[in-house]
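Chemist: As numbered in mature numbering (1 follows the signal peptide of the UniProt record, and there is no 0), residues -30 to -1, 1 to 207 make up the sequence shown, in order. Below you will find the structure I want to go over with you.
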Amino acid sequence: MRTAPVRIHRKIAVAAAAALIAGVTITAHASASPAAPSATTTAPVLEKDAQAFADAAAKNPPIYTLSYGDARKALDSAQAGPVGKLPADISHRTLKVGPTGEVTIRIVRPAGVSGKLPAVMYFHGGGWVLGNENTHDRLVRQIANGARAAVIFVDYTPSPEARYPIAIEQAYAATKWVAEHGDEINVDGSRIAVAGDSVGGNMTAAVTLMAKQRRGPALREQVLFYPVTDANFNTAS
(Lines of atoms letter the chains of each structure in order from A and count residues from 1; the text may use other names and numbers.)
(Lines give C-alpha, C1' and ligand atoms only; values in the text may rest on other atoms or scores of the structure.)
Protein backbone atom coordinates (compact mmCIF):
# COMPACT_ATOMS: atom_id res chain seq x y z
CA MET A 1 0.00 0.00 0.00
CA ARG A 2 1.36 3.44 -0.90
CA THR A 3 1.71 5.92 1.89
CA ALA A 4 -0.18 9.18 1.66
CA PRO A 5 1.69 12.13 0.16
CA VAL A 6 3.13 14.68 2.57
CA ARG A 7 3.14 18.35 1.76
CA ILE A 8 6.78 19.33 1.56
CA HIS A 9 7.93 22.69 0.26
CA ARG A 10 8.94 21.68 -3.26
CA LYS A 11 12.16 23.58 -3.45
CA ILE A 12 13.27 22.43 0.00
CA ALA A 13 12.72 18.79 -0.86
CA VAL A 14 14.27 19.03 -4.32
CA ALA A 15 17.31 20.99 -3.15
CA ALA A 16 17.97 18.70 -0.21
CA ALA A 17 17.56 15.46 -2.11
CA ALA A 18 19.31 16.63 -5.27
CA ALA A 19 22.35 17.83 -3.35
CA LEU A 20 22.66 14.50 -1.60
CA ILE A 21 22.15 12.46 -4.75
CA ALA A 22 24.57 14.63 -6.70
CA GLY A 23 27.28 14.03 -4.13
CA VAL A 24 27.13 10.31 -4.76
CA THR A 25 26.54 10.25 -8.49
CA ILE A 26 29.18 12.77 -9.47
CA THR A 27 31.76 11.34 -7.09
CA ALA A 28 31.21 7.90 -8.54
CA HIS A 29 32.41 9.23 -11.90
CA ALA A 30 35.11 11.53 -10.57
CA SER A 31 37.80 9.82 -12.62
CA ALA A 32 36.22 10.91 -15.90
CA SER A 33 37.77 13.90 -17.65
CA PRO A 34 35.63 17.01 -18.21
CA ALA A 35 34.22 17.56 -21.67
CA ALA A 36 35.90 20.34 -23.62
CA PRO A 37 33.38 22.88 -24.97
CA SER A 38 33.36 23.52 -28.69
CA ALA A 39 34.87 26.75 -29.91
CA THR A 40 31.54 27.58 -31.55
CA THR A 41 29.47 26.89 -28.45
CA THR A 42 27.39 29.84 -27.28
CA ALA A 43 25.14 28.12 -24.72
CA PRO A 44 26.44 26.95 -21.33
CA VAL A 45 27.99 23.48 -21.48
CA LEU A 46 27.97 21.05 -18.59
CA GLU A 47 30.98 18.91 -17.82
CA LYS A 48 30.57 15.25 -18.68
CA ASP A 49 29.81 14.06 -15.14
CA ALA A 50 27.33 16.87 -14.48
CA GLN A 51 25.54 16.17 -17.76
CA ALA A 52 25.34 12.46 -16.94
CA PHE A 53 23.76 13.30 -13.60
CA ALA A 54 21.28 15.73 -15.17
CA ASP A 55 20.28 13.13 -17.77
CA ALA A 56 19.81 10.43 -15.14
CA ALA A 57 17.79 12.72 -12.89
CA ALA A 58 15.50 13.71 -15.78
CA LYS A 59 14.39 10.09 -16.22
CA ASN A 60 12.75 9.97 -12.80
CA PRO A 61 9.67 11.82 -11.53
CA PRO A 62 10.34 14.86 -9.33
CA ILE A 63 10.80 13.69 -5.77
CA TYR A 64 8.15 16.10 -4.48
CA THR A 65 5.50 14.23 -6.51
CA LEU A 66 6.16 10.97 -4.65
CA SER A 67 4.63 9.75 -1.43
CA TYR A 68 7.02 10.19 1.47
CA GLY A 69 7.61 6.43 1.57
CA ASP A 70 8.56 6.28 -2.11
CA ALA A 71 10.66 9.43 -1.81
CA ARG A 72 12.63 7.87 1.01
CA LYS A 73 13.21 4.73 -1.02
CA ALA A 74 14.38 6.79 -3.99
CA LEU A 75 16.93 8.70 -1.93
CA ASP A 76 18.11 5.59 -0.08
CA SER A 77 18.58 3.79 -3.41
CA ALA A 78 20.52 6.66 -4.94
CA GLN A 79 22.82 6.91 -1.95
CA ALA A 80 23.47 3.16 -1.94
CA GLY A 81 25.65 3.45 -5.05
CA PRO A 82 29.27 2.23 -4.99
CA VAL A 83 31.45 5.11 -3.78
CA GLY A 84 34.65 5.26 -1.80
CA LYS A 85 34.28 6.05 1.90
CA LEU A 86 36.92 7.00 4.41
CA PRO A 87 37.54 4.49 7.20
CA ALA A 88 35.85 5.17 10.51
CA ASP A 89 35.02 3.55 13.84
CA ILE A 90 31.26 3.60 14.33
CA SER A 91 29.02 2.92 17.30
CA HIS A 92 25.44 3.66 18.31
CA ARG A 93 23.82 4.72 21.54
CA THR A 94 20.20 5.33 22.50
CA LEU A 95 19.80 8.27 24.85
CA LYS A 96 16.89 8.49 27.27
CA VAL A 97 16.27 12.16 26.56
CA GLY A 98 14.00 14.40 24.54
CA PRO A 99 10.24 14.79 24.12
CA THR A 100 9.66 11.18 23.01
CA GLY A 101 11.77 9.70 25.80
CA GLU A 102 14.67 8.56 23.65
CA VAL A 103 16.77 9.42 20.62
CA THR A 104 19.53 7.39 18.96
CA ILE A 105 22.91 8.84 18.07
CA ARG A 106 25.53 7.40 15.73
CA ILE A 107 29.09 8.12 16.81
CA VAL A 108 31.59 8.27 13.94
CA ARG A 109 35.30 8.58 14.79
CA PRO A 110 38.41 8.53 12.58
CA ALA A 111 39.54 4.90 12.41
CA GLY A 112 42.02 3.87 15.06
CA VAL A 113 41.92 7.10 17.06
CA SER A 114 41.42 6.15 20.70
CA GLY A 115 41.94 9.47 22.50
CA LYS A 116 39.22 11.86 23.62
CA LEU A 117 38.02 13.93 20.67
CA PRO A 118 36.03 17.13 20.22
CA ALA A 119 32.45 16.53 19.07
CA VAL A 120 30.53 17.67 16.01
CA MET A 121 26.78 17.31 16.45
CA TYR A 122 25.36 16.64 12.98
CA PHE A 123 21.73 17.19 11.95
CA HIS A 124 20.91 15.84 8.49
CA GLY A 125 18.92 17.43 5.70
CA GLY A 126 16.11 15.99 3.61
CA GLY A 127 13.15 18.33 3.91
CA TRP A 128 12.48 17.14 7.50
CA VAL A 129 11.08 13.99 5.85
CA LEU A 130 13.94 12.21 4.06
CA GLY A 131 17.45 11.14 5.00
CA ASN A 132 19.09 8.93 7.60
CA GLU A 133 22.51 7.73 8.74
CA ASN A 134 23.03 5.81 5.49
CA THR A 135 22.25 8.69 3.13
CA HIS A 136 24.79 10.86 4.96
CA ASP A 137 27.37 8.19 5.77
CA ARG A 138 30.02 9.33 3.29
CA LEU A 139 29.72 12.99 4.29
CA VAL A 140 29.86 12.27 8.02
CA ARG A 141 32.97 10.12 7.58
CA GLN A 142 34.63 12.96 5.67
CA ILE A 143 33.85 15.43 8.43
CA ALA A 144 35.15 13.08 11.13
CA ASN A 145 38.43 12.48 9.32
CA GLY A 146 38.88 16.06 8.14
CA ALA A 147 38.15 17.65 11.51
CA ARG A 148 39.76 14.86 13.56
CA ALA A 149 36.60 14.84 15.63
CA ALA A 150 33.83 12.50 16.68
CA VAL A 151 30.74 13.25 14.61
CA ILE A 152 27.54 12.63 16.54
CA PHE A 153 24.83 11.96 13.96
CA VAL A 154 21.44 12.57 15.59
CA ASP A 155 18.71 10.25 14.32
CA TYR A 156 15.85 12.63 15.00
CA THR A 157 12.27 11.56 14.23
CA PRO A 158 11.22 12.87 10.79
CA SER A 159 7.84 14.07 9.58
CA PRO A 160 5.09 12.92 9.27
CA GLU A 161 5.90 10.51 12.13
CA ALA A 162 6.63 13.52 14.32
CA ARG A 163 5.50 17.12 14.19
CA TYR A 164 7.25 20.31 15.22
CA PRO A 165 8.94 20.78 17.64
CA ILE A 166 9.75 17.09 18.26
CA ALA A 167 12.78 16.85 15.94
CA ILE A 168 14.40 20.08 17.07
CA GLU A 169 13.87 19.24 20.74
CA GLN A 170 15.50 15.85 20.13
CA ALA A 171 18.44 17.59 18.46
CA TYR A 172 18.85 19.97 21.38
CA ALA A 173 18.46 17.21 23.99
CA ALA A 174 21.13 15.08 22.28
CA THR A 175 23.50 18.05 22.16
CA LYS A 176 22.94 18.78 25.84
CA TRP A 177 23.53 15.12 26.73
CA VAL A 178 26.85 15.03 24.88
CA ALA A 179 27.96 18.20 26.65
CA GLU A 180 27.12 16.70 30.05
CA HIS A 181 28.07 13.06 29.45
CA GLY A 182 30.82 13.26 26.84
CA ASP A 183 33.14 11.11 28.93
CA GLU A 184 30.76 8.17 28.46
CA ILE A 185 31.43 8.16 24.71
CA ASN A 186 35.05 9.37 24.88
CA VAL A 187 34.46 12.90 23.62
CA ASP A 188 35.23 16.28 25.15
CA GLY A 189 31.87 17.75 26.11
CA SER A 190 33.42 21.20 26.46
CA ARG A 191 34.45 21.23 22.79
CA ILE A 192 31.25 20.90 20.77
CA ALA A 193 30.43 22.19 17.31
CA VAL A 194 27.01 21.94 15.66
CA ALA A 195 26.57 21.38 11.93
CA GLY A 196 23.96 20.39 9.38
CA ASP A 197 22.93 20.52 5.73
CA SER A 198 19.78 22.06 4.21
CA VAL A 199 17.01 21.72 6.81
CA GLY A 200 19.71 20.29 9.06
CA GLY A 201 21.36 23.70 8.74
CA ASN A 202 18.09 25.21 9.89
CA MET A 203 18.12 22.87 12.90
CA THR A 204 21.74 23.77 13.59
CA ALA A 205 20.88 27.46 13.80
CA ALA A 206 17.85 26.66 15.95
CA VAL A 207 19.86 24.52 18.38
CA THR A 208 22.41 27.32 18.67
CA LEU A 209 19.67 29.80 19.58
CA MET A 210 18.09 27.33 22.01
CA ALA A 211 21.43 26.84 23.74
CA LYS A 212 21.75 30.60 24.14
CA GLN A 213 18.20 31.05 25.41
CA ARG A 214 18.39 28.09 27.80
CA ARG A 215 21.88 29.01 29.02
CA GLY A 216 23.64 25.95 27.73
CA PRO A 217 25.31 23.96 26.55
CA ALA A 218 28.25 26.08 25.44
CA LEU A 219 29.00 25.62 21.73
CA ARG A 220 32.36 26.33 20.07
CA GLU A 221 31.37 26.45 16.40
CA GLN A 222 28.32 26.54 14.13
CA VAL A 223 28.62 25.22 10.56
CA LEU A 224 25.70 25.61 8.13
CA PHE A 225 25.78 23.79 4.77
CA TYR A 226 23.35 25.55 2.37
CA PRO A 227 20.91 26.06 5.27
CA VAL A 228 17.18 26.61 4.89
CA THR A 229 16.77 29.91 6.69
CA ASP A 230 14.00 31.47 4.57
CA ALA A 231 11.27 29.23 3.18
CA ASN A 232 10.20 31.96 0.72
CA PHE A 233 13.29 31.35 -1.45
CA ASN A 234 12.81 34.86 -2.80
CA THR A 235 16.39 36.07 -2.97
CA ALA A 236 18.78 37.31 -5.60
CA SER A 237 20.67 34.01 -5.62
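Backbone N, C-alpha and C define an ideal beta-carbon position, used for all residues, glycine too.
Could you give the C-beta distance for residue 262 and ILE136, rounded to a whole number, given that I count them as a contact under 8 angstroms?
Modeler: This structure cannot speak to residue 262, because the chain is shown only from -30 to 207.
Chemist: In the DSSP output, what is GLN192 paired with across the bridge?
Modeler: The count along the sequence shown starts at 1 and reaches residue 192 at position 222. DSSP, once it has assigned bridges, lists VAL164 as partnering GLN192.
Chemist: Provide the residue span of the beta strand (DSSP E) that contains ALA89, from first to last.
Modeler: Taking the first residue of the sequence shown as 1, we reach residue 89 at position 119. 87 to 93 is the span of the beta strand (DSSP E), which, as asked, contains ALA89.
Chemist: Cutting at 8 angstroms between CB atoms, please list the residues of its own chain near GLU72, excluding the five before and the five after it.
Modeler: Numbered from its first residue, the sequence shown carries residue 72 at position 102. So the qualifying residues of the chain are THR64, LEU65 and LYS66.
Chemist: Let me check one thing: in DSSP terms, what residues is VAL73 bridge-paired to?
Modeler: On the sequence shown, residue 73 is found 103 positions in, with the first residue counted as 1. The partner list for VAL73 (beta bridge, DSSP) reads LEU65.
Chemist: When DSSP labels each residue in this structure, what does ALA120 get in the three-state scheme?
Modeler: Position 150 of the sequence shown, counted from the start, is the residue given in the question as residue 120. ALA120: strand per DSSP, three-state reduction.
Chemist: Output the boundary residues of the alpha helix (DSSP H) element that contains LEU179.
Modeler: In the sequence shown, the residue the question calls residue 179 occupies position 209. Residues 169 to 183.
Chemist: State the beta-bridge partners of ARG79 as determined by DSSP.
Modeler: Position 109 of the sequence shown, counted from the start, is the residue given in the question as residue 79. Paired residue(s): ASP59.
Chemist: In the structure shown, what three-state DSSP assignment does ASP153 receive?
Modeler: Within the sequence shown, the letter at position 183 stands for residue 153. In the structure shown, ASP153 sits in a helix (DSSP, three-state: H, G or I).
Chemist: If you drop the 5 nearest sequence neighbours on each side, which residues of the same chain put their C-beta closer than 7 angstroms to that of VAL198?
Modeler: As a position in the sequence shown, residue 198 is number 228, starting the count at 1. So the qualifying residues of the chain are ILE(-19), SER168, VAL169, GLY171 and ASN172.
Chemist: If you pair each beta-carbon of the segment 103 to 112 with each one of the segment 177 to 185, do three or more pairs fall below 8 angstroms?
Modeler: Taking 8 angstroms as the limit for Cβ pairs, the verdict is that the segment 177 to 185 does not touch the segment 103 to 112.
Chemist: Hey, how far is the Cα of GLY152 from the Cα of GLY159?
Modeler: Locating residue 152 in the sequence shown gives position 182, where the first residue counts as 1. Locating residue 159 in the sequence shown gives position 189, where the first residue counts as 1. Approximately 5 angstroms, taken between the alpha carbons.
Chemist: Just the Cα atoms here: how many angstroms apart are ALA28 and SER129?
Modeler: The sequence position of residue 28 within the sequence shown is 58, counting from 1. The sequence position of residue 129 within the sequence shown is 159, counting from 1. Rounded to whole angstroms, ALA28 to SER129 spans 26 angstroms at the Cα level.
Chemist: Our contact map puts LYS86 next to VAL148 with C-beta atoms below 8 angstroms; I'd like the distance itself, whole angstroms only.
Modeler: Looking up residue 86 in the sequence shown gives position 116. Looking up residue 148 in the sequence shown gives position 178. Not quite, the Cβ-Cβ distance comes to about 12 angstroms (not below 8 angstroms), so this is no contact.
Chemist: Going by beta carbon distance, what residues of the same chain come within less than 8 angstroms of ALA120, once the five residues before and after it are set aside?
Modeler: If you number the sequence shown from 1, residue 120 lands on position 150. Only ILE77, VAL78, ARG79, LEU87, PRO88, ALA89, VAL90, ALA114, ILE155, ASN156 and VAL157 meet the Cβ criterion.
Chemist: If contacts are defined as beta-carbon pairs under 8 angstroms, then GLN140 and THR127 qualify, I think. What distance do you get, rounded to the angstrom?
Modeler: As a working note, residue 140 is residue 170 in the sequence shown. As a working note, residue 127 is residue 157 in the sequence shown. Confirmed, Cβ separation roughly 6 angstroms.
Chemist: Helix, strand or coil: which one does DSSP assign to GLY51?
Modeler: Numbered from 1 along the sequence shown, position 81 holds the residue referred to as residue 51. Three-state result, GLY51: coil.
Chemist: If we ignore side chains and look at the alpha-carbon of each, how far apart do PRO31 and PRO57 end up?
Modeler: One-based indexing of the sequence shown puts residue 31 at position 61. One-based indexing of the sequence shown puts residue 57 at position 87. Distance between the alpha carbons of PRO31 and PRO57 is about 34 angstroms.
Chemist: If contacts are defined as beta-carbon pairs under 8 angstroms, then TYR38 and VAL99 qualify, I think. What distance do you get, rounded to the angstrom?
Modeler: Counted from its first residue, the sequence shown places residue 38 at position 68. Counted from its first residue, the sequence shown places residue 99 at position 129. Going by Cβ atoms, the distance from TYR38 to VAL99 rounds to 5 angstroms, so yes, they are a contact pair.
Chemist: Quick one: Cα of residue 208 to Cα of PHE23, how far?
Modeler: Missing from the structure shown is residue 208; the chain here goes from -30 to 207 and no further.
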